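Enquirer: Okay, here's the structure, questions in a sec.
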Amino acid sequence: MEPSLDKCLYFCTNKGDVLNRHLAISAKKYIKFNHKEVELNWPVSFWREYDRLRGFPEETAVVVFRTRGCSWYNFSSCTMCGYFNDISRDIHEENLISQIDYVAERLGGIQVLKVFTSGSFLDQREIPLPVRDYFFERVGESVEKILIESRTEYINKSNLMASSIPLHKIRIAIGLESSDDNIIANSINKGSTFSKYVRAAQVARELGTEVRTYLLFKPLFVSEAMAIEDVKRSVRDAYPYTSDISINPVNVQKNTLLEHFWRRMLYRPPRLWSVAILLADLLEEGYRVVSFPTGANQLRGVHNENEDKKLLQLILKASLEQDPSQLREYIESSDLSRYRTWLEIENSLPMETDYSRIVESISQSSLTI
Ligand code: SF4
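Now the structure itself:
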């Protein structure tokens, strides 16, 4: 039987977590577990992309394992997270072993692997210890760097030492999202805090692993102008504890509280200009930051008023090469007055209303007076 939300809230509150009970209940309401038949022995997806986990740009394999999902779903969910759409409660150890074999057979000499599980690789309810051991047996030798993701509560010495993890090859990605506990609790519902992140990152680094920190750009109920300031402050706060920082602009995932607001045009994903300016500023200040936005230039992802493929390409290039010069040139040569006006208007309103979409839908409606 899954623990009840009330029990969890009691438990969390007793442990001193910052949790907004109302938001936690609202976020949970939108979780829809997928009961469709899915292939349990194959990962959700497997592809190649570029990243710089060894300090230079290189082709990197990425796998999303189908697991039983993030333990946080048993209690609630982060307001933007729709990864539960990919999980299955029918997954057993033998299915995970088959998925690992699938990946091991397709690495084809690639040296870097990123592993996503729609939750935490270090959560033994998702990836049991024998499976974790098997994973490192199958791929640990052939790759030089492996990125895994984990919530903070699973990053402790006994868990990291519980199996044969090649710690020096690992970078643990932690979803801090923001260093502001108020945003973590009242916008994201992460069920964590900045101090928990600091403790987890310190333990990970003491044991010889690297840390990548995820920051969520423009969570629910935060205007774009405020979100820009939040990312800047969070980068400064998290930087002593991490190897690099990934700025992840929100993309609207299905069956989430965030989607509920977006569908009503009460939330607009951030503008690509904001990511570009943030990235250029932070790189120029000497921070190791990257941004590889998902769903960019689309309505559900980071986008400007008009599609801008060149800007996206320059954001990716600056991230991979840690050189913002071409991105800066492009920003300087562009007219950003409209963008700045939108930011000011949005910041003066109680919600992040998407006026462009409202205007578009009214102009397309057949209503005549
Ligand atoms: S911790 Fe990660 S996987 Fe779990 S609900 Fe939050 S974003 Fe989703």
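Per the numbering used here, the very first residue in the sequence shown carries number 155; after that it's consecutive.
Ideal Cβ placement from N, Cα and C applies to all residues, glycine included.
Owing to the predicted nature of the structure, the values given are computational and were not obtained by experimental measurement.
Compare the Cα-Cα distances from I281 to each of S341, Q476, I241 and report the closest residue.
Expert: Taking only the C-alpha atoms, the option nearest I281 is I241.
Enquirer: Over the uninterrupted alpha helix (DSSP H) stretch that includes Y288, give me the two end residues.
Expert: Element bounds for Y288: 283 to 293.
Enquirer: Less than 8 Å between CB atoms is the rule here; does M505 satisfy it with respect to chain B?
Expert: Protein chains in the displayed structure number just one, and chain B is not present.
Enquirer: Which same chain residues end up closer than 6 Å to T271 when comparing Cβ atoms and leaving out the 5 residues on each side of it in sequence?
Expert: For T271, where only same-chain residues beyond five positions count, the Cβ hits under 6 Å are F219, T221, E280.
Enquirer: Quick check: what's the CA-CA separation for T560 versus I342?
Expert: Since the first and last residues shown for the chain are 155 and 523, residue 560 lies out of range.
Enquirer: What residue range is occupied by the uninterrupted alpha helix (DSSP H) comprising N249?
Expert: Where N249 is concerned, the enclosing alpha helix (DSSP H) stretches over 247 to 258.
Enquirer: Shortest alpha-carbon distance to R325 belongs to which of I337, I338, F348, Q356?
Expert: Selected option, being the one with the closest Cα: Q356.
Enquirer: Mapping the DSSP letters down to three states, classify I319 as helix, strand or coil.
Expert: Reduced to three states, the DSSP call for I319 is coil.
Enquirer: Can you give me the C-alpha to C-alpha distance between D508 and I309, rounded to a whole angstrom?
Expert: The straight-line gap from Cα to Cα measures roughly 39 Å.
Enquirer: Going straight from the alpha carbon of P504 to that of G455, what length do you get?
Expert: The alpha-carbon atoms of P504 and G455 are separated by roughly 22 Å.
Enquirer: Give a yes or no on contact between the region 413 to 420 and the region 439 to 450, applying the rule of three or more CB pairs nearer than 8 Å.
Expert: Touching, no, given that fewer than three Cβ pairs across the two stretches are closer than 8 Å.
Enquirer: Output the boundary residues of the beta strand (DSSP E) element that contains E529.
Expert: A query on residue 529 cannot be resolved here, the shown segment of the chain reaching from 155 to 523 and no further.
Enquirer: Span of the beta strand (DSSP E) holding F200?
Expert: Residues 199 to 205.
Enquirer: What is the C-beta distance between F348 and D398, in whole angstroms, given that I count them as a contact (C-beta under 8 Å)?
Expert: The pair is not a contact, with the Cβ atoms about 18 Å apart (cut-off 8 Å).
Enquirer: When the Cα of E438 is compared with those of R387, P403, Q476, which residue comes out closest?
Expert: Checked all of R387, P403, Q476; the closest Cα to E438 is Q476.
Enquirer: Quick one: residues in its chain with C-beta nearer than 7 Å to the C-beta of I254, no 5 flanking neighbours on either side, listed in chain order?
Expert: Cβ within range, chain order: Y288, F289, R292.
Enquirer: Terminal residues of the continuous alpha helix (DSSP H) containing R454?
Expert: First-last for R454: undefined, no H or E at that position.
Enquirer: Going along the chain, which residues of its own chain have a beta-carbon closer than 8 Å to the beta-carbon of N174, five neighbours each way excluded?
Expert: Only A339, N340, N343 meet the Cβ criterion.
Enquirer: For D334, is the classification buried or exposed, using 16 other Cβ atoms within 10 angstroms of its Cβ as the cut-off for buried?
Expert: D334 comes out buried.
Enquirer: Can you list, in chain order, the stretches of the alpha helix (DSSP H) that have 4 or more residues and sit fully within the region 336 to 369?
Expert: Correct list: 348 to 360.
Enquirer: Quick check: what's the CA-CA separation for A327 versus E500?
Expert: Distance between the alpha carbons of A327 and E500: 32 Å.
Enquirer: If you drop the 5 nearest sequence neighbours on each side, which residues of the same chain put their C-beta closer than 8 Å to that of Y395?
Expert: Y351, V352, A355, Q356, R359, V365, T367.
Enquirer: Does the pairing of the region 227 to 240 with the region 177 to 188 give three or more beta-carbon distances under 8 Å?
Expert: The answer is yes - the region 177 to 188 touches the region 227 to 240, with three or more Cβ pairs under 8 Å.
Enquirer: Tell me whether F270 sits in a helix, a strand or coil according to DSSP, three-state version.
Expert: If DSSP states are grouped into helix, strand and coil, F270 belongs with the strands.
Enquirer: Would you report the Cα separation of E331 and D277, rounded to the nearest angstrom?
Expert: About 19 Å.
Enquirer: If the criterion is Cβ atoms closer than 8 Å, does the pair E213 and R202 meet it?
Expert: Their beta carbons are under 8 Å apart, which means E213 touches R202 by this criterion.
Enquirer: Going by the C-beta, is Y184 closer than 7 Å to any heavy atom of the ligand SF4?
Expert: No.
Enquirer: Which one of E298, S304, S318, I302 has the shortest CA to CA distance from L283?
Expert: For the residues E298, S304, S318, I302, the minimum Cα distance to L283 belongs to S318.
Enquirer: For I264, which residues in the same chain have their Cβ closer than 8 Å to its Cβ, ignoring the five residues on either side in sequence?
Expert: Closer than 8 Å at the Cβ level, and outside the excluded window around I264, lie R202, E213, T214, A215, V297.
Enquirer: Express the C-alpha separation of L436 and T363 in angstroms, rounding to a whole number.
Expert: One C-alpha to the other measures close to 24 Å.
Enquirer: Anyone know if the C-beta pair for I245 and V269 falls short of 8 Å?
Expert: Against a cut-off of 8 Å, the Cβ pair of V269 and I245 comes out as no contact.
Enquirer: Measuring CA to CA, which of V513, S488, V429 is closest to A472?
Expert: Checking every option, the nearest Cα to that of A472 belongs to V429.
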